[in-house]
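Counting from 1 along the sequence shown, just add 159 to a position and that's the residue number in my numbering. A virtual CB, placed ideally from N, CA and C, is assigned to each residue, including glycine. Okay, so here's the structure we're looking at.
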Amino acid sequence: MNYYLFFLLFSIIFTIIIIIRFKKVLILKKNEKYKNKTKKKRFNTMIVLGSGGHTAEMFRLLRGFPIKTNYTPRTYVIAKTDNHSKQKANTFEETNVEINKNNVQEEEEEGEGDYSFIVIPRSREVGQSYFSSIFTTLYSCIFSFISVFRIIPDIIICNGPGTCVPICLGGIFLKFLGIKDVQLIYIESICRVEDLSLSARLLYVFVNRLFVQWEELEEKYPKAEYYGLLSN
160 MNYYLFFLLF
170 SIIFTIIIII
180 RFKKVLILKK
190 NEKYKNKTKK
200 KRFNTMIVLG
210 SGGHTAEMFR
220 LLRGFPIKTN
230 YTPRTYVIAK
240 TDNHSKQKAN
250 TFEETNVEIN
260 KNNVQEEEEE
270 GEGDYSFIVI
280 PRSREVGQSY
290 FSSIFTTLYS
300 CIFSFISVFR
310 IIPDIIICNG
320 PGTCVPICLG
330 GIFLKFLGIK
340 DVQLIYIESI
350 CRVEDLSLSA
360 RLLYVFVNRL
370 FVQWEELEEK
380 YPKAEYYGLL
390 SN
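Below, the structure is given as structure tokens:
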């Protein structure tokens, strides 16, 4: 595969998307002045899922959110081959949000639903060489950036899977360009008792809210907020 041609193509597409989105945002910002201010605010939300414990913990956290009324539409971000998280998301939507299965949409389908999925490529597969993982990591980051620029979310919610880092960086880039003040909400895993995860440390400076589930972390990190065990 010609990696140079591949990355050149993605760079061109990425630049075009930024220009188109920037123009749309300028138009939307003008129209917002004429919206009814009393209208209930809804937040376009991206929720990053990870394999195994991260996904289970995320849905325990989301049970306390007014998902259907305030956080809609919702875009679940899952890694390729992670069928477990997609099944969990569908179950959560059907049982906790009471949305009919017909309202779900895949990324490629037309129309609008209450929730949808974006599948991003993994940065590195098990057993993959470190040299080739350089290219797959870049590909994953580019794909994640394009996905964030396509959705332009109000909020990104994550709890530590590695896939959240490029997604959050995309949100940070939207802020940098002045396109959208994306709010980054990071909820640290209950497993992190004495120190933050690598993902949390990488994003620490940029997140708007950092919730931890152990008091020791609040004492150690000034930005951390502790309100007890959130994922019980």
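Item to check | Residues near Gln372 in its chain [Cβ-Cβ closer than 6 angstroms; skip 5 each side] | outcome: Along the sequence shown, one-based indexing puts residue 372 at 213. Contacts found: Ile349, Leu388 and Leu389.
Item to check | alpha helix (DSSP H) runs wholly inside the stretch 212 to 236, at least 4 long, in chain order | outcome: 212 to 221 and 226 to 229
Next on the checklist: Here's the rule I'm using: 16 or more other beta-carbon atoms within 10 Å means buried, otherwise exposed. How should Pro225 be labelled?
Outcome noted: Within the sequence shown, the letter at position 66 stands for residue 225. So Pro225 counts as exposed.
Checklist entry - Nearest-angstrom Cα distance between Ile346 and Thr240? => result Mapped onto the sequence shown, residue 346 falls at position 187. Mapped onto the sequence shown, residue 240 falls at position 81. Going from the Cα of Ile346 to the Cα of Thr240 covers about 24 angstroms.
Checklist entry - Hey, how far is the Cα of Phe335 from the Cα of Gly329? => result For the purposes of this step, residue 335 is identified with residue 176 of the sequence shown, where counting begins at 1. For the purposes of this step, residue 329 is identified with residue 170 of the sequence shown, where counting begins at 1. So the alpha carbons of these two residues sit roughly 10 angstroms apart.
Next on the checklist: By the DSSP assignment, the beta strand (DSSP E) with Leu369 in it spans what residues?
Outcome noted: The count along the sequence shown starts at 1 and reaches residue 369 at position 210. Per DSSP, Leu369 belongs to the beta strand (DSSP E) from Arg368 to Val371.
Checklist entry - Is Val207 helix, strand or coil by DSSP? => result Taking the first residue of the sequence shown as 1, we reach residue 207 at position 48. Residue state, collapsed to three classes: strand.
Checklist entry - How would you write the range of the alpha helix (DSSP H) that Ile331 sits in, first residue to last? => result On the sequence shown, position 172 is the one that residue 331 refers to. Cys323 to Phe335 is the extent of the alpha helix (DSSP H) around Ile331.
Next on the checklist: Considering Cα atoms alone, identify which of Thr322, Ile311, Asp354 and Asn318 is closest to Gly337.
Outcome noted: Locating residue 337 in the sequence shown gives position 178, counting from the first residue. Of Thr322, Ile311, Asp354 and Asn318, the residue nearest in Cα terms is Ile311.
Checklist entry - Pick from Leu357, Asp340 and Phe308: whose alpha carbon is nearest that of Thr322? => result Locating residue 322 in the sequence shown gives position 163, where the first residue counts as 1. The candidate whose alpha carbon is nearest that of Thr322 is Leu357.
Checklist entry - Using the rule of at least 16 other Cβ atoms within 10 Å of the residue's Cβ for burial, across every protein chain shown, is Glu384 buried or exposed? => result For the purposes of this step, residue 384 is taken as residue 225 along the sequence shown, with counting starting at 1. Flag for Glu384 reads exposed.
Checklist entry - Could you check where the alpha helix (DSSP H) with Leu362 kicks off and where it finishes? => result In the sequence shown, residue 362 corresponds to position 203, counting from 1. Counting along the chain, the alpha helix (DSSP H) containing Leu362 begins and ends at Leu357 to Leu362.
Next on the checklist: With DSSP as the reference, identify every bridge partner of Cys317, one or two as the case may be.
Outcome noted: Translated into positions along the sequence shown, residue 317 becomes position 158. BP columns for Cys317 point to Tyr345.
Item to check | First through last residue of the alpha helix (DSSP H) which encompasses Glu375 | outcome: Sequence index remark: in the sequence shown, residue 375 carries index 216 (1-based). Glu375: member of the alpha helix (DSSP H) spanning Glu374 to Lys379, first to last residue.
Item to check | Tyr385 - containing beta strand (DSSP E), residue span | outcome: Along the sequence shown, read from residue 1 onward, the residue named residue 385 stands at position 226. Per DSSP, Tyr385 belongs to the beta strand (DSSP E) from Ala383 to Tyr385.
Checklist entry - With 16 other CB atoms within 10 Å as the buried threshold, where does Lys200 fall? => result By one-based count along the sequence shown, residue 200 stands at place 41. With fewer than 16 Cβ atoms within 10 Å of its Cβ, Lys200 is classed as exposed.
Next on the checklist: Do Phe304 and Pro325 count as a contact pair if the criterion is CB distance below 8 angstroms?
Outcome noted: Residue mapping note: residue 325 aligns to position 166 of the sequence shown, counting from 1. Residue mapping note: residue 304 aligns to position 145 of the sequence shown, counting from 1. A contact, by the Cβ cut-off of 8 angstroms.
Checklist entry - Using the beta-carbon count (16 or more within 10 Å), is Ile237 buried or exposed? => result Against the sequence shown, residue 237 aligns to sequence position 78. Buried, because 16 or more other Cβ atoms sit within 10 Å of the Cβ of Ile237.
Next on the checklist: Comparing C-alpha positions only, which one of Ile316, Tyr386 and Asn367 sits nearest to Glu374?
Outcome noted: The sequence position of residue 374 within the sequence shown is 215, counting from 1. The shortest C-alpha separation from Glu374 is found at Tyr386.
Next on the checklist: Am I right that Ile277 and Thr204 are in contact with their C-beta atoms under 8 angstroms? What's the rounded C-beta distance?
Outcome noted: By 1-based counting over the sequence shown, the position of residue 277 is 118. By 1-based counting over the sequence shown, the position of residue 204 is 45. About 12 angstroms separates the CB atoms of Ile277 and Thr204; that is not less than 8 angstroms, and the two are not in contact.
Checklist entry - Contact check, Ile279 vs Phe302 under 8 angstroms by CB: the rounded distance? => result Indexing the sequence shown from 1 puts residue 279 at position 120. Indexing the sequence shown from 1 puts residue 302 at position 143. Taking the Cβ atoms as the reference, Ile279 lies roughly 5 angstroms from Phe302, within the contact range of under 8 angstroms.
Checklist entry - For the alpha helix (DSSP H) that contains Ser244, what are its first and last residues? => result What you label residue 244 is simply residue 85 of the sequence shown in a count that begins at 1. Unbroken alpha helix (DSSP H) run through Ser244: Asn242 to Phe251.
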